[in-house]
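Report on the following structure.
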Amino acid sequence: MFRLLAGLDGSPARADSIANGIVYQPFGDQSVGRFDVWSHDPRKWDAARIELGELIEKATAGQ
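Just so you know, the sequence shown maps onto residues 37 to 99 in this note's numbering.
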């Protein structure tokens, strides 16, 4: 959904902003064994998913 929104916007800025609200640090070797790189609050994940869906729906409403 993040890539879809970025493609519709023509820029990843809005999708990145939503993702940064639930994923705090990049994944990779430096995050092995760490559990603080993303939110563990399911309400934040649901809110991000709903926001993405609403933005995608608005962007495609006239198509």
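Note that the Cβ used here is the ideal one computed from N, Cα and C, for glycine as well.
All values derive from a computational prediction rather than experimental measurement.
Give a single yes or no on whether residue i has its beta carbon closer than 8 Å to a heavy atom of the ligand SAH.
i	result
residue 89	Ligands are entirely absent from the displayed structure, and the ligand SAH is therefore not among its contents.
Residues in its own chain within less than 8 Å of residue i by CB, not counting five upstream and five downstream?
i	result
residue 95	41, 44 and 45
Quick one: is residue i buried, meaning 16 or more other Cβ sit within 10 Å of its Cβ, or exposed?
i	result
residue 49	exposed
residue 97	exposed
Could you pull the start and end residues of the alpha helix (DSSP H) that residue i belongs to?
i	result
residue 70	Per DSSP, residue 70 belongs to no alpha helix (DSSP H) and is neither H nor E.
residue 53	49-56
residue 78	78-96
residue 65	Looking at the DSSP string, residue 65 is not in any alpha helix (DSSP H), and its letter there is neither H nor E.
residue 43	38-45
Give me, in chain order, the residues of the same chain whose beta-carbon lies closer than 6 Å to that of residue i; leave out the 5 immediate sequence neighbours on both sides.
i	result
residue 38	51 and 55
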